[in-house]
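Colleague: Residue numbering for the sequence shown follows full-length UniProt numbering, starting at 1 and increasing by one per position.
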Amino acid sequence: MKNTVIKTERLCKYFGTGAQQQQVLKDLDIEIYQDDFTVIMGSSGAGKSTLLYALSGMDQPTSGQIHFFDTEIEQMDNDKLAIFRREHCGFVFQQMFLLDNMSILDNILAAGLLTGKDKRAIVTYAKELLGKVGLTEKIWRKFPAQLSGGENQRAAIVRALVNRPQVVFADEPTGALNSASGRAVLDVLTEVHQSGQSIIMVTHDLVSARRGNRILYIRDGVIGGVCELGKYVSGDRQRHDKLLSFLAEMGW
Numbered sequence: 001m002k003n004t005v006i007k008t009e010r011l012c013k014y015f016g017t018g019a020q021q022q023q024v025l026k027d028l029d030i031e032i033y034q035d036d037f038t039v040i041m042g043s044s045g046a047g048k049s050t051l052l053y054a055l056s057g058m059d060q061p062t063s064g065q066i067h068f069f070d071t072e073i074e075q076m077d078n079d080k081l082a083i084f085r086r087e088h089c090g091f092v093f094q095q096m097f098l099l100d101n102m103s104i105l106d107n108i109l110a111a112g113l114l115t116g117k118d119k120r121a122i123v124t125y126a127k128e129l130l131g132k133v134g135l136t137e138k139i140w141r142k143f144p145a146q147l148s149g150g151e152n153q154r155a156a157i158v159r160a161l162v163n164r165p166q167v168v169f170a171d172e173p174t175g176a177l178n179s180a181s182g183r184a185v186l187d188v189l190t191e192v193h194q195s196g197q198s199i200i201m202v203t204h205d206l207v208s209a210r211r212g213n214r215i216l217y218i219r220d221g222v223i224g225g226v227c228e229l230g231k232y233v234s235g236d237r238q239r240h241d242k243l244l245s246f247l248a249e250m251g252w
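1) By Cβ distance below 7 angstroms, which residues in the same chain neighbour residue 158 in space, the five residues on each side in sequence not counted?
2) Using C-beta distances below 8 angstroms, list every residue in its chain close to residue 148, excluding the 5 sequence neighbours before and after it, in chain order.
3) Straight-line CA distance for residue 50 to residue 25?
4) Take residue 105 and list the residues in its own chain whose beta-carbon comes closer than 6 angstroms to its own, dropping the five residues that flank it on each side.
5) Based on Cα-Cα distance, which residue from 164, 174, 163 lies nearest to residue 151?
6) Based on the DSSP secondary-structure assignment, which residues constitute the bridge partners of residue 198?
7) Looking only at DSSP bridge pairs, what is residue 256 linked to?
8) Specify, as a first and last residue, the run of the beta strand (DSSP E) that residue 67 falls within.
9) If you follow the alpha helix (DSSP H) that residue 238 is part of, which residue opens it and which one closes it?
10) Determine, using beta carbons only, whether residue 33 and residue 23 come nearer to each other than 8 angstroms.
11) Am I right that residue 168 and residue 176 are in contact with their C-beta atoms under 8 angstroms? What's the rounded C-beta distance?
12) At which residues does the beta strand (DSSP E) containing residue 232 begin and terminate?
13) By Cβ distance below 6 angstroms, which residues in the same chain neighbour residue 59 in space, the five residues on each side in sequence not counted?
14) Just curious, the beta strand (DSSP E) that residue 23 is in, first and last residue?
15) Cβ of residue 84 within 8 angstroms of Cβ of residue 73?
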């Protein structure tokens with residue numbers, strides 16, 4: 001039986017006020033399981049990113065509860081949430097948010113050293129991760145502007161992993177990349193997931209979605225359906241067909 005890493009109860013999110021108020025998330029009860037690669041899909045405006053930001057503590061819900069293991073994160077103030085995210089969460093976005101005036105290695109170390117852990121251990125682990133994602137030592141001291149979009153995104157993944165987070169949250173991580181760079185990034189995410197990392201990813205892209213083992217489809221602020229795909233295997237046509245059939249059923 002899988003362990004639950006995040007559980008929501010009657011999760012709601014409103015934007016706007018008065019007559020302009022819009023409910024984006026509607027009484028959501030969701031369980032996210034440890035070691036899963038969970039993919040959140042849905043049409044534009046369905047609430048995918050809003051849900052991701054709520055689950056990660058980057059945005060507070062209007063009402064409802066979010067249990068991150070034994071911690072109710074919706075009760076935390078901004079300072080406590082910042083500390084919690086730093087210790088338990090990693091983030092990969094479509095825009096990499098790497099600091100232009102710092103080298104790739106320093107961007108990663110800056111995130112790692114914020115935890116107050118042993119500096120030597122952080123440096124060693126950062127270099128190990130960089131090697132795993134195919135970023136060789138000759139580019140560690142280069143700046144983001146000197147690298148390709150795919151290289152920067154792989155560096156952003158390392159930054160997300162360097163604190164050994166319990167969950168990595170990814171919001172359209174391949175959205176700004178060409179197909180080759182996007183595939184390289186998905187390969188990295190697949191590898192770290194299959195080594196035991198929990199990942200929650202928002203995407204509208206079918207190729208990206210196939211990498212997940214569990215698909216949550218959100219529609220008009222509620223979960224319309226769930227699809228279990230199992231372990232990713234490259235070239236698995238049945239997996240592809242199962243996902244397409246599920247998405248057709250959801251009206252994607």
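Think of the CB as a built atom: it goes at the ideal place given N, C-alpha and C, for glycine as much as any other residue. Model, not experiment: these values are computed from the prediction.
Modeller: The answer reads as follows:
1) For the purposes of this step, residue 158 is taken as residue 158 along the sequence shown, with counting starting at 1. Around residue 158: 108, 126, 129, 130, 133.
2) Residue 148 sits at position 148 when you count from the first residue of the sequence shown. These residues qualify, in order along the chain: 181.
3) Taking the sequence shown and counting its residues from 1, the one referred to as residue 50 is at position 50. Taking the sequence shown and counting its residues from 1, the one referred to as residue 25 is at position 25. Going by the C-alpha atoms only, they are around 8 angstroms apart.
4) Within the sequence shown, residue 105 is the residue found at index 105, counting from 1. Contacts found: 140.
5) As a first step, residue 151 is located in the sequence shown; it is residue number 151 there, counting from the start. Taking only the C-alpha atoms, the option nearest residue 151 is 174.
6) Position 198 of the sequence shown, counted from the first residue, corresponds to residue 198. For residue 198, which the question treats as bridged, DSSP gives the partners 167.
7) Because residue 256 is not part of the residues shown, which for the chain are 1 to 252, the question remains open.
8) Counted from its first residue, the sequence shown places residue 67 at position 67. Residue 67 -> beta strand (DSSP E) spans 63 to 68.
9) Mapped onto the sequence shown, residue 238 falls at position 238. Element bounds for residue 238: 237 to 250.
10) The residue you call residue 33 lines up with position 33 of the sequence shown. The residue you call residue 23 lines up with position 23 of the sequence shown. Not closer than 8 angstroms, so no.
11) In the sequence shown, residue 168 corresponds to position 168, counting from 1. In the sequence shown, residue 176 corresponds to position 176, counting from 1. No, residue 168 and residue 176 are not in contact; Cβ-Cβ is about 18 angstroms, not under 8 angstroms.
12) For the purposes of this step, residue 232 is taken as residue 232 along the sequence shown, with counting starting at 1. Run containing residue 232: none; DSSP gives neither H nor E here.
13) The sequence position of residue 59 within the sequence shown is 59, counting from 1. Answer for residue 59: 53, listed in chain order.
14) Locating residue 23 in the sequence shown gives position 23, where the first residue counts as 1. Its beta strand (DSSP E) spans residues 22 to 28.
15) Counting from one through the sequence shown, the residue named residue 84 turns up at place 84. Counting from one through the sequence shown, the residue named residue 73 turns up at place 73. Yes, the pair counts as a contact, with Cβ atoms nearer than the cut-off.
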